[in-house]
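Residues 13 to 247 (the numbering used here) make up the sequence shown, in order.
Quick reminder that beta carbons are idealized off the backbone N, C-alpha and C, glycines included.
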Amino acid sequence: MSGLSLRLDCTGEADFRLQLDCELPAAGITAIYGPSGSGKSTLLDCIAGLRRPGADSVVRFRDEYWQKPGSFVPTWRRRVAYVFQDARLFPHLDVRQNLHYALRRRHRDNGIGLQQVISWLQLDELQEHDPGALSAGQGQRVAIARALLSAPDLLLLDEPLANLDHAASQQCIVQLRQLAVELDLPMLYVSHDIEEVSQLADQLVLLQDGCLVARGSLLELCSRLDTRLSREEQA
């Protein structure tokens, strides 16, 4: 089974341009790493269908084309779930209702039940809480749970731990690693935090100025990280 094939040419603000031609694995956790403005979020948006790159662009996941010349599959028809920096929960629904919303809208049963997800992400005592009463870490755990319940084939995460304190961040890292193995669910994980990446990723994609710098296994690339990228991350 093939992975995620990308041929992208996407223009953004202030003359930014993302140009990629590569194939990523459809297994494990692949980290998209690079300094701010390198195109990490733009890449996820193109995969999700939230941005429409140039007409000659190609996005193919396994054997399904989500974009190719003359064809563009809208976001709602791509079996993708997206977790952002902020939880983006429905404020008028409590935690349980937010999770039920995902269950009602999923197009297939992937064998993941509500109680399983609540147990995995330790949400049992939060089910009747409103989103406004949750800490940042709790909110992100609910957002991840809602994403899983939508039965995605691919999970996209755009710096989901950026607003969490260290303890909450470490808890989510452990849970994401366990879920990737337990569910055999491929994840693309955007970050500019190399410590986070080193704990999570199986594969690493390095971006800079909208271009692919390198890609490969985490162990292979960590020792080759460009000094300039590392300095940017520490700034």
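Residue environment, residue i, which counts as buried when at least 16 other CB atoms sit within 10 Å
i: Leu-231; result: exposed
i: Gly-123; result: exposed
i: Ser-69; result: buried
i: Ser-203; result: buried
i: Asp-305; result: For the chain, the structure presents residues 13 to 247; residue 305 sits outside this window and is missing.
i: Arg-158; result: buried
i: Gly-151; result: buried
i: Ala-145; result: exposed
i: Ser-131; result: exposed
i: Gly-149; result: buried
i: Ser-181; result: buried
i: Arg-90; result: buried
Closest residue to residue i among the options (Cα-Cα distance)
i: Ile-206; options: Ala-39, Tyr-45, Gln-220; result: Tyr-45
i: Gln-220; options: Gln-31, Gly-228, Gly-82, Tyr-77; result: Gln-31
i: Glu-140; options: Gln-150, Gly-125, Glu-171, Val-107; result: Val-107
i: Thr-23; options: Cys-223, Ala-157, Pro-198; result: Cys-223
i: Glu-25; options: Ala-174, Ser-53, Leu-16; result: Ser-53
i: Glu-208; options: Val-225, Asp-75, Gln-183, Leu-191; result: Gln-183
i: Arg-153; options: Asp-165, Asp-136, Leu-166, Pro-164; result: Asp-136
i: Ala-163; options: Ala-93, Leu-191, Leu-216; result: Ala-93
i: Gln-127; options: Arg-117, Leu-111, His-119, Arg-116; result: Leu-111
i: Asp-196; options: Ala-39, Arg-89, Leu-138, His-119; result: Ala-39
i: Val-225; options: Gly-51, Gly-15, Ile-156; result: Gly-51
i: Tyr-201; options: Gln-215, Glu-194, Val-193; result: Gln-215
Beta-carbon separation (whole angstroms), residue i vs residue j, contact threshold 8 Å
i: Leu-212; j: Ile-41; result: 5 Å
i: Gly-66; j: Pro-86; result: That belief does not hold up - the Cβ atoms of Gly-66 and Pro-86 are roughly 17 Å apart, past 8 Å.
i: Leu-166; j: Phe-73; result: 6 Å
Through-space distance from residue j to residue i, alpha-carbon basis
i: Pro-143; j: Glu-35; result: 37 Å
i: Leu-160; j: Leu-176; result: 20 Å
i: Phe-84; j: Leu-218; result: 27 Å
i: Phe-102; j: Arg-227; result: 36 Å
i: Arg-63; j: Ser-210; result: 29 Å
i: Pro-81; j: Met-199; result: 26 Å
i: Leu-133; j: Gln-187; result: 7 Å
i: Val-71; j: Asp-57; result: 12 Å
i: Ala-99; j: Arg-116; result: 19 Å
i: Ala-76; j: Ser-17; result: According to the sequence shown, residue 76 is Glu rather than Ala. C-alpha separation (whole angstroms): 10 Å.
i: Thr-239; j: His-119; result: Residue placement at Thr-239 cannot be trusted, given a pLDDT of 43 that sits under 50; the coordinates are not used to answer.
i: Leu-233; j: Gln-109; result: 42 Å
i: Asp-33; j: Leu-138; result: 43 Å
i: Asp-27; j: Leu-55; result: 16 Å
i: Ala-43; j: His-178; result: 19 Å
i: Ile-156; j: Leu-173; result: 11 Å
i: Leu-241; j: Ser-48; result: Residue confidence for Leu-241 is low, a pLDDT of 48 falling below 50, so the modelled location carries little weight; the figure read from the coordinates is stated next. Distance between the alpha carbons of Leu-241 and Ser-48: 10 Å.
Check: residue i C-beta below 8 Å from any heavy atom of the ligand SAH
i: Asp-221; result: Judged by which ligands are present, the structure shown has none, so any question about the ligand SAH falls away.
- What runs of the beta strand (DSSP E), each 3 residues or longer, lie entirely inside the stretch 86-169? 92-95
- Query: What are the start and end residues of each continuous alpha helix (DSSP H) run of 4 or more residues lying completely inside the stretch 19-76, in chain order?
  - Reply: 52-60
- Item | Inside the stretch 171-228 only - alpha helix (DSSP H) runs reaching at least 4 residues | 178-195, 206-212
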